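J.: So that we are looking at the same thing, I have put the structure below in structure tokens.
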Amino acid sequence: MAKELLKIRNLYASYGEEPVLLDISFDIPEGGIFCIVGESGSGKSTLLKAVLGLDRVLVTGGDILYEGRSLPGMPDREHRKLLGREIGLIPQNPAGSFNPTRRLRAQIRETVESQGMAYSEKAAVEAFGAVGLTNPEKVLSSRPYELSGGMNQRIAIAAALLPEPRLLLCDEATSALDVVTAGAVVDELFSLSRSRNTALLMVTHHLGIAKRMSDRIGIMKDGQLIETGSTEEVLARPREEYTRRLLAAVPRLS
Amino acid sequence: MGSEEIILGGIQLNKTYKTKERIVRPLQNIDFCLHEGEILGIVGESGSGKSTLLRVIACLEKADSGKLLLHGREYTGSSPSFAGRYMQMIFQDAYASFDPRMKMIDSLREAGRRNTRGAAGKNCDAAALREAGRRNTRGENSKDCDAAALRKPHRRGGTDDSRITEIVREVGLSEDLLWRRPRELSGGQCQRMSIARALCGGAEILLCDEITSALDVTTQAQVVQLLQRLRRKEKVSILFVSHDLALVGSLCDRIMVMKDGVCVEEGSSGKILGQPENEYTELLLKSLILL
């Protein structure tokens, strides 16, 4: 059994006055893939923000342990040091996280250096190649607005993987892509996670992606994890009525 | 499932855009037909020309060449407002398609007013003729005058508040929501409201452009059921554009697969999903992330 990397214990969190997360508990071992599935407004993204300590999400109870250290209890400086280098994020909308008019090389260099590491062109070219971008040198010299949505999404993945984080958070990383690109990106992410032993905490409303990638799955509804278990088990024999409804709503090829 | 009568058709449609660096051809010799009461799916990746096709059909853009037919009459080059009496676009971003400051009831009344103006019998045709005449003297090539020969849309739009309420119930919403503004609705509710608005406009054809991509699976399933019910009960014909082949397969009677402005394959849903002949269709099927 691999060592636990992230442990979330009875987590309660709120936005201002409004409680959003209620009694969330789950573990992710090193290199494990955990997928949280739920509808809009169920609190999925808030959970990621709580782990990242972003956006005024207030942890009101319970704990988030990264390698046994409490993230909410950590001084801000120390927490920030972990972000990027140890805990990476692939945002839903990569176009919003890059400056559209600056060349990618400068932006990637800035990101890497802000994490206290030296930028190496070779590593960047390799990272871009690993996510299936052909001609990485040319991509590094382009500006985000010149590239398609799919390419920008791959670049966001490459940028998050560059510092070789041990835990990667993905917020609907493929929902903005069309099927062919989404399928390719999902497969790349999966094989990268396996080859580098990177743990993934994924948030999605797409049960197909959860099935293809994750070891374990958590179904989230109104801020609660109503069902967790191995992906196979939950999808084949859902215990909760809500999970059955989610499964029934997915279009199938008949 | 649809009847034999062709309600909408396109023949050899072409469209070209020129940008600084290159020439884009989103439509290359596209032929299509939509039968009454049928749901036709159009599938393809981003940039395949799906949305351009819908915009050309709705007369929001002009094709470079080719013909558009409505009930067997040519309406190529008509105005968007003329096409709007028969067909309405539903967009991916429902919120953006409503005026954020207007209450729903006012948006729907506006659509209804346009419908009564459009379907008021002789007056309408006279008005259409006058409008067309004005345009011709301005040197624009408008074929709105064909309206005189066209049969009226058979659906009754949102002519008064009681009919609007009826339509809103039909799309599965509570009439209380009519007194809210777009942002006070959920994504799914707002999308149903935009379908209700199209029905208030008297449309008998819905042009749906990725209308469920921004919705959850459960909400998506509700909207899909709504479209099926509208087709069955109201004989609404639907063009359904999406990049999700599984969704299109479960909803549509026939499917057109588009790639780089070309229709690479067309056939019944069963055939496209079961025995695709084109390599690209196979790739689309293979890329699906299914349960």
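Those protein sequences? They're chains L and G, same order as listed. Under the working numbering, the residue at position 206 of the first sequence is numbered 206, and the numbers go up by one with no gaps. Under the working numbering, the residue at position 188 of the second sequence is numbered 1188, and the numbers go up by one with no gaps. Even for Gly, the Cβ is constructed at its ideal location relative to N, Cα and C. Everything numeric in this text was worked out from a predicted model, so none of it was measured.
Let's see if you can read the secondary structure: which residues bound the alpha helix (DSSP H) around residue 249 (chain L)?
T.: Its alpha helix (DSSP H) spans residues 241–249.
J.: Name, in chain order, the residues that DSSP records as bridge partners for residue 1067 (chain G).
T.: Beta-bridge pairing links residue 1067 (chain G) to G:1011.
J.: Taking the straight line between their C-alpha atoms, what separation do you get for residue 1142 (chain G) and residue 1095 (chain G)?
T.: Low local confidence applies: a pLDDT of 45 at residue 1142 (chain G) is under 50, so the model's placement there is unreliable, with the coordinate-based value given in what follows. The alpha-carbon atoms of residue 1142 (chain G) and residue 1095 (chain G) are separated by roughly 32 angstroms.
J.: With DSSP run on the structure shown, which of helix, strand or coil describes residue 79 (chain L)?
T.: In this structure, residue 79 (chain L) counts as helix in the three-state DSSP scheme.
J.: Would you report the Cα separation of residue 67 (chain L) and residue 30 (chain L), rounded to the nearest angstrom?
T.: The straight-line gap from Cα to Cα measures roughly 10 angstroms.
J.: Which term fits residue 1191 (chain G), buried or exposed, when burial requires 16 or more other beta carbons within 10 angstroms of its beta carbon?
T.: So residue 1191 (chain G) ends up on the buried side.
J.: Can you pull the chain L neighbours of residue 1267 (chain G), defined as C-beta to C-beta under 8 angstroms?
T.: Under the 8 angstroms cutoff, chain L gives no residues; its nearest Cβ is about 15 angstroms from residue 1267 (chain G).
J.: Check residue 19 (chain L) in the structure and name its three-state DSSP category.
T.: In the structure shown, residue 19 (chain L) sits in a strand (DSSP, three-state: E or B).
J.: Using a Cβ cut-off of 9 angstroms, which residues of the segment 1237–1267 of chain G contact any Cβ in chain L, in chain order?
T.: Here the close residues are 1243, 1244, 1245, 1246, 1247, 1248, 1249, 1250 and 1251.
J.: Mind checking if residue 39 (chain L) is an interface residue toward chain G, Cβ cutoff 9 angstroms exclusive?
T.: Yes - at least one Cβ of chain G is within 9 angstroms of the one on residue 39 (chain L).
J.: Three or more beta-carbon pairs under 8 angstroms between the segment 1212–1227 of chain G and the segment 1242–1250 of chain G, yes or no?
T.: Touching, yes, given that three or more Cβ pairs across the two stretches are closer than 8 angstroms.
J.: Confirm, please, whether the CB-CB distance from residue 214 (chain L) to residue 90 (chain L) is below 9 angstroms.
T.: The answer is no: Cβ separation not under 9 angstroms.
J.: Looking only at C-alpha atoms, which of G:1236, G:1170 and G:1278 sits nearest to residue 1034 (chain G)?
T.: Of G:1236, G:1170 and G:1278, the residue nearest in Cα terms is G:1236.
J.: Which value, in whole angstroms, describes the spacing of the CA atoms of residue 1266 (chain G) and residue 1276 (chain G)?
T.: Taking the straight line from one Cα to the other gives about 9 angstroms.
J.: Whose Cβ in chain G lies nearer than 8 angstroms to the Cβ of residue 245 (chain L)?
T.: By Cβ distance, chain G contributes 1218.
J.: Could you give the distance in angstroms between the alpha-carbon of residue 182 (chain L) and the alpha-carbon of residue 1041 (chain G)?
T.: Roughly 20 angstroms separates the two Cα atoms.
J.: So which residues of chain G does residue 79 (chain L) contact, with C-beta pairs closer than 9 angstroms?
T.: By Cβ distance, chain G contributes nothing, its closest Cβ being about 32 angstroms from residue 79 (chain L), past 9 angstroms.
J.: Short of 7 angstroms Cβ to Cβ, which residues in the segment 1026–1060 of chain G face chain L?
T.: Result list: 1045 and 1046.
J.: Using a beta-carbon distance cut-off of less than 9 angstroms, what residues from the segment 145–159 of chain L approach chain G?
T.: Cβ contacts with chain G come from 148, 149 and 150.
J.: Taking all protein chains shown into account, do 16 or more other C-beta atoms lie within 10 angstroms of the C-beta of residue 135 (chain L), making it buried, or fewer, making it exposed?
T.: Result: exposed.
J.: Can you give the beta carbon distance from residue 1274 (chain G) to residue 1025 (chain G), rounded, assuming they're within the 8 angstroms contact cut?
T.: In fact, because the Cβ distance is near 31 angstroms, the residues do not count as touching under 8 angstroms.
J.: Buried or exposed for residue 248 (chain L), please, with buried defined as at least 16 other CB atoms from any protein chain shown within 10 angstroms of its CB.
T.: Result: exposed.
J.: For residue 211 (chain L), decide whether its Cβ has a neighbour in chain G, counting only Cβ atoms nearer than 9 angstroms.
T.: So, interface residue.
J.: Put residue 1089 (chain G) into one of helix, strand or coil per three-state DSSP.
T.: Three-state DSSP puts residue 1089 (chain G) in a strand.
J.: So the beta strand (DSSP E) residue 66 (chain L) belongs to, where does it begin and stop?
T.: Unbroken beta strand (DSSP E) run through residue 66 (chain L): 57–66.
J.: Would residue 171 (chain L) count as contacting chain G if we go by Cβ distances under 9 angstroms?
T.: Chain G contact via Cβ: absent.
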